[in-house]
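A short write-up of the structure that comes next.
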Amino acid sequence: MKDWVRILLQWEENLEALRIFKSIHGNLHVPKYYKVKTEDAQWPEKLWGKNLGFAVVRLRQLQERMDPSKRETLDSMGFIWDAIQAKWEKNLLSLETYKAIEGDLLVKTSGTTSFVVPERDPAWPKDTWNMRLGYLVSTCRKKKESLPRNIHDALTAMGFVWKVKDKGTGPGRPPRISTAKQHEILEIVQVQHKLQGHTRFTTLPNPFKVPASSEWPQHLHGCIVETSKFRRAYRMGLLDASVVAKLDDLGFVWNDNQLQWSLTMEALQIFKNIYGHVDVPQDFEISQEDHLWPDDLWTMRLGIKLRIFVVAKPN
Numbered sequence: 007m008k009d010w011v012r013i014l015l016q017w018e019e020n021l022e023a024l025r026i027f028k029s030i031h032g033n034l035h036v037p038k039y040y041k042v043k044t045e046d047a048q049w050p051e052k053l054w055g056k057n058l059g060f061a062v063v064r065l066r067q068l069q070e071r072m073d074p075s076k077r078e079t080l081d082s083m084g085f086i087w088d089a090i091q092a093k094w095e096k097n098l099l100s101l102e103t104y105k106a107i108e109g110d111l112l113v114k115t116s117g118t119t120s121f122v123v124p125e126r127d128p129a130w131p132k133d134t135w136n137m138r139l140g141y142l143v144s145t146c147r148k149k150k151e152s153l154p155r156n157i158h159d160a161l162t163a164m165g166f167v168w169k170v171k172d173k174g175t176g177p178g179r180p181p182r183i184s185t186a187k188q189h190e191i192l193e194i195v196q197v198q199h200k201l202q203g204h205t206r207f208t209t210l211p212n213p214f215k216v217p218a219s220s221e222w223p224q225h226l227h228g229c230i231v232e233t234s235k236f237r238r239a240y241r242m243g244l245l246d247a248s249v250v251a252k253l254d255d256l257g258f259v260w261n262d263n264q265l266q267w268s269l270t271m272e273a274l275q276i277f278k279n280i281y282g283h284v285d286v287p288q289d290f291e292i293s294q295e296d297h298l299w300p301d302d303l304w305t306m307r308l309g310i311k312l313r314i315f316v317v318a319k320p321n
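In structure tokens, the structure reads:
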């Protein structure tokens, strides 16, 4: 058999295998060592024993030299070129789902109670089923200093709990926040309100550290806001009433879960107005600078948000 014929047949076989894998699993997160099982009725006999994981690795290696039409074919299928990035997207999705369901990221990590994503639970995206989420959280805490910067920032932005004892939620002594600290937080929120580009609401990630940039007053550089602890103090009536009133005027978000729910429902309605349906693709993300959308919805990963909220509702 001529080489070009063999290469063409191999290409067609890989495409067929990838389509079948996606029809079974709903995605192309092919494990590195994935091999089609013999006598698996979901697969044609000719593909039994195929080392699909190796084939995917090889396709990634050939990306730069691959014919553009072949890359486009793989792209249209949802082929994953960056395995590490895809793995972290799944990790972040699982954490976002946990937060949407439980209201926090206090994932159990110890012994037999370490949290594992339940199988066949419709509240969870299918590709997160059986994920050892407790182990993931424990590993992230242990390797905090060596995590890629973008991953560390993404975890922090969603409210990842780096030290459980620092979390200002759940049982324990009431949070005590000095009047001086409350006024410092108020000033931080006032600056954030001016910088964020919209005025509908104002919020901060948990925790939030003021960056040492020119947009922020120098005396605030490095200041830290434990946002969850601050919100808990508010719920317990422990904040200065004048501070609360000024924060309310700024539209400060006291319940982030409710905010995320309302923004997601608003985005879904806008999507329907634009496209005439609500069948949002999983990878749909609102483009930045797209003026068909409010600017506070820019960059929202609406497809993933809807998967998270399909069962979970705000507290």
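The working numbering numbers the first residue of the sequence shown as 7 and each following residue consecutively. We put the beta carbon where it would ideally sit given N, CA and C, even for glycine.
With burial defined as no fewer than 16 other Cβ atoms inside 10 Å of the residue's Cβ, what is the status of Met306: buried or exposed?
Met306 is classed as buried because its beta carbon has at least 16 other beta carbons within 10 Å across all chains shown.
Which residues DSSP lists as bridging Ile191, in chain order
In the DSSP output, where bridge partners are listed per residue, Ile191 has none listed.
With the cut-off set at 8 Å, would you say Leu34 and Lys43 are in Cβ contact?
Lys43 sits away from Leu34, with the two beta carbons spaced by 8 Å or more.
One or two residues paired with Ile230 in a DSSP bridge
Answer by DSSP bridge pairing, in chain order: Lys215.
In chain order, what residues of the same chain have a beta carbon less than 7 Å from the beta carbon of Thr185, not counting five sequence neighbours either side?
Contacts found: Asp246.
Rounded separation between Lys252 and Gln196 - CA only
Going by C-alpha positions, Lys252 is about 9 Å away from Gln196.
Quick one: using the 10 Å Cβ neighbour count with 16 as the cut-off for buried, is Ala163 buried or exposed?
With fewer than 16 other Cβ atoms within 10 Å, it is exposed.
Euclidean distance between Cα positions of Pro37 and Ala160
It is roughly 24 Å from the alpha-carbon of Pro37 to the alpha-carbon of Ala160.
Three-state secondary structure assigned by DSSP to Thr208:
Of the three classes helix, strand and coil, the one that applies to Thr208 here is strand, per DSSP.
Residue environment, Met137, which counts as buried when at least 16 other CB atoms sit within 10 Å
Of the other Cβ atoms in all chains shown, 16 or more fall within 10 Å of the Cβ of Met137; this residue is therefore buried.
For the alpha helix (DSSP H) containing Lys96, list its first residue and its last residue.
Counting along the chain, the alpha helix (DSSP H) containing Lys96 begins and ends at Ala89 to Glu108.
Report yes if the CB atom of Thr103 is closer than 8 Å to the CB atom of Pro131, and no otherwise.
Taking 8 Å as the Cβ cut-off, Thr103 and Pro131 qualify as a contacting pair.
State the Cα-Cα distance for the pair Asp4 and Gly228, rounded to the nearest angstrom.
No information on residue 4 is available, as it lies outside the stretch 7 to 321 that the chain covers here.
Smallest Cα separation from Lys148: which of Pro124, Thr115 and Arg126?
Put simply, of Pro124, Thr115 and Arg126 the residue whose alpha carbon is nearest the alpha carbon of Lys148 is Thr115.
Please report how far the alpha carbon of His225 lies from the alpha carbon of Arg77, in whole angstroms.
Approximately 51 Å, taken between the alpha carbons.
Identify the continuous alpha helix (DSSP H) that holds Ser116 and give its terminal residues.
Counting along the chain, no alpha helix (DSSP H) covers Ser116, and no H or E run does either.
Around the Cβ of Val167, are there at least 16 other Cβ atoms within 10 angstroms (buried) or fewer (exposed)?
The residue is buried, with at least 16 neighbouring Cβ atoms inside 10 Å.
Which residue marks the beginning of the alpha helix (DSSP H) containing Glu272, and which one marks its end?
In the DSSP assignment, Glu272 falls within the alpha helix (DSSP H) that extends over Asp262 to Tyr281.
Between the CA atoms of Pro223 and Lys187 - distance to the nearest angstrom
Each residue's Cα considered, the two are about 16 Å apart.
Taking the CB atoms as reference points, tell me whether Val143 and Trp135 lie closer together than 8 Å.
No, the pair does not count as a contact, with Cβ atoms beyond the cut-off.
Own chain partners of Lys215 with C-beta closer than 6 Å, once the 5 adjacent residues on each side are dropped:
In its chain, beyond the 5 residues on either side, Ile230 have a beta carbon closer than 6 Å to the beta carbon of Lys215.
Go through its chain and collect everything with a Cβ distance to Ala218's Cβ below 7 Å, but skip five positions before and after it.
Excluding positions up to five away in sequence, the list reads His227 and Gly228.
Proximity to Phe121 [Cα-Cα], best of Lys105, Ile107, Gly140 and Glu108
Selected option, being the one with the closest Cα: Gly140.
Same chain only: Cβ atoms within 6 Å of Asp254, ignoring 5 sequence neighbours per side:
Cβ neighbours of Asp254 beyond the five flanking positions: none.
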